[in-house]
Amino acid sequence: MKILVVEDEKELLKNIVDSLTKEHFVIESASDFRSASDKIGLYDYDCILLDIMLPGGNGLELLEQLKQSGKADNVIIISAKDSLDDKLKGLELGADDYLTKPFHIAELNARVKAVLRRNKQDGKNTIELANTVLDLQDRLFLVNGESVPLNRKEFDILNYFLFNKNRLVTKTALAEHVWGDNIDQADNFDFIYYQIKNLRKKLTDSNSELEIEAVYGIGYKLVEK
1 MKILVVEDEK ELLKNIVDSL TKEHFVIESA SDFRSASDKI GLYDYDCILL
51 DIMLPGGNGL ELLEQLKQSG KADNVIIISA KDSLDDKLKG LELGADDYLT
101 KPFHIAELNA RVKAVLRRNK QDGKNTIELA NTVLDLQDRL FLVNGESVPL
151 NRKEFDILNY FLFNKNRLVT KTALAEHVWG DNIDQADNFD FIYYQIKNLR
201 KKLTDSNSEL EIEAVYGIGY KLVEK
């Protein structure tokens with residue numbers, strides 16, 4: 001899962017990023033209006049934590065931008081302004097939740113997980129397809145009821161494929177989703193190839209009815225055999 005944190009308070013931003021990283025999310029961040037606008041214009045995110053008061057602009061303007069581009073789902077507003085008007089406007093623009101500073105990081109984490117579950121899976125903690133189950137809360141992958149060990153990246157890749165089953169997933173989209181901002185430092189996509197190769201072997205060895213098909217020169221597609 002890929003999350004964008006838009007927050008100008010450096011210490012709070014660091015605390016949020018550190019905490020969500022420990023929860024195995026891929027995190028990108030922006031500390032001003034312009035950089036946030038650039039990111040939401042270029043990339044898609046599973047969740048956006050959006051501060052209202054930002055250097056160079058207002059977070060509600062970013063929310064309007066998200067709504068116009070059809071990306072307003074899974075937005076949580078975080079702001080020091082305990083204003084009913086701001087809250088109502090944010091919700092009207094499509095935000096899913098509103099959290100007023102100061103708040104406990106644990107509460108923020110819980111809100112993020114709740115929003116992701118509610119919007120992606122109708123409140124369920126698992127993704128079931130064919131003879132497999134992916135448990136998002138305990139980070140387990142089961143085939144015919146038996147646990148199949150996956151490393152962190154393999155789990156995140158399979159999670160992304162399951163959310164996009166039967167759809168073409170480009171190498172670039174997969175890399176940005178699982179590796180986040182650090183993808184810019186990569187010279188090529190060989191690291192994706194090796195992760196996919198290992199994941200394919202585990203699917204085959206466990207008699208999974210899922211298969212990752214390669215689309216030459218473009219990317220991959222997860223299908224049922």
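Under the UniProt record's numbering, the residues of the sequence shown are numbered 1 to 225, in order. Note that beta-carbon positions come from the ideal geometry of N, C-alpha and C, so glycine has one too.
For this session: Check whether the Cβ of PHE161 sits closer than 7 Å to any heavy atom of the ligand COA, and report yes or no.
Result: Absence of the ligand COA from the depicted structure is noted, as is the absence of any ligand whatsoever, leaving it without description.
Problem set entry | Status (buried if at least 16 other CB within 10 Å, exposed otherwise) for PHE141 | buried
For this session: Pick out whichever of LYS22, ASN144, LEU42 and LYS67 has its Cα sitting closest to the Cα of ARG152.
Result: LYS22
Exercise. By DSSP, does ASP85 sit in helix, in strand, or in coil?
Worked result: helix
Exercise. Based on Cα-Cα distance, which residue from ALA106, LEU66, GLN137 and ASN164 lies nearest to GLY90?
Worked result: LEU66
Problem set entry | Pick from VAL223, ASN144, LEU63 and ASP51 that is closest to PHE163, judged by C-alpha positions | VAL223
Exercise. Roughly how many angstroms lie between the CA atoms of TYR194 and SER31, to the nearest whole one?
Worked result: 34 Å
For this session: Output the boundary residues of the alpha helix (DSSP H) element that contains VAL26.
Result: Counting along the chain, VAL26 falls outside any alpha helix (DSSP H), though it belongs to the beta strand (DSSP E) covering 26-30.
Problem set entry | Buried/exposed call for VAL112, threshold 16 Cβ in 10 Å | buried
Exercise. Is it right to say ILE218 is buried, meaning 16 or more other beta carbons lie within 10 angstroms of its own, or is it exposed?
Worked result: exposed
Exercise. Should TYR216 go down as buried or exposed, given a rule of 16 or more other Cβ atoms within 10 Å for buried?
Worked result: exposed
Exercise. Do you know offhand how far PRO102's Cα is from ASP205's?
Worked result: 49 Å
For this session: Within the UniProt DNA-binding region "OmpR/PhoB-type" (124-224), note down every full beta strand (DSSP E) run reaching 3 residues or more, in order along the chain.
Result: 126-129, 132-135, 140-143, 210-215 and 219-224
For this session: Between the Cα of LYS39 and those of LEU63, ASN131 and ASP86, spot the shortest distance and give me the residue it belongs to.
Result: LEU63
For this session: Measure the C-alpha to C-alpha separation of LEU54 and ILE16 and round it to an integer number of angstroms.
Result: 17 Å
Problem set entry | Top-ranked residue by Cα proximity to GLY94, from ASP44, ASN74 and ILE157 | ASN74
For this session: Please classify ASN166: is it buried, with 16 or more other beta-carbons within 10 angstroms of its beta-carbon, or exposed?
Result: exposed
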